[in-house]
Amino acid sequence: MPVPGYLEIYEQFLRELCQEIDIKNVNSIFLATLIYNKQDWQAIQKKESDFELLKHLEIGDDGLVRVSAVIRKEFDQLFKKYLGEQIRWDYI
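So this is what it looks like as structure tokens:
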């Protein structure tokens, strides 16, 4: 999430996770992010006009609103650093 230090927060989470779980015994990991349709997005913008995350969303060709590709790529690189190629992106 585009909040100050968000990558550092997630990196700390991943370090702690890898200390607690033997990742080699995990077959796959799915990261999920919420997606919205355009009407949901507009309603959220109206209700939460100062919500920083809204500035980092994109409307895709399919009409769904997602966190930007740049942010998804940052997360992908960070998670692969700790979890290897077991990671799969998914959307809910």
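To convert, count from 1 in the sequence shown and add 1; that's this note's numbering.
All C-beta atoms in this analysis are idealised placements derived from N, C-alpha and C, irrespective of residue type, glycine included.
Problem - Distance CB(V66)-CB(I60) smaller than 7 Å - result: At the C-beta level, V66 and I60 come within 7 Å of one another.
Exercise for the section: Could you check the C-alpha separation between C19 and L8 for me, to the nearest Å? Expected result: 16 Å
Practice task
Taking V68 as part of the beta strand (DSSP E), name the residues at either end of that continuous run.
Solution key: 65 to 68
Handout entry: With 16 other Cβ atoms within 10 Å as the buried cut-off, status of V68
Key = When all chains shown are included, V68 counts as buried.
Practice task
State the start and end residues of the unbroken alpha helix (DSSP H) segment that holds I60.
Solution key: Not the alpha helix (DSSP H): I60 falls in the beta strand (DSSP E), residues 58 to 60.
Practice task
Excluding the 5 residues preceding and the 5 following F14 in the sequence, name in chain order all residues of the same chain whose CB lies nearer than 6 Å to its CB.
Solution key: Once the five neighbours on either side are set aside, F14 has no close Cβ partner at all.
Problem - Y37 - partner residues in DSSP beta bridges - result: V66
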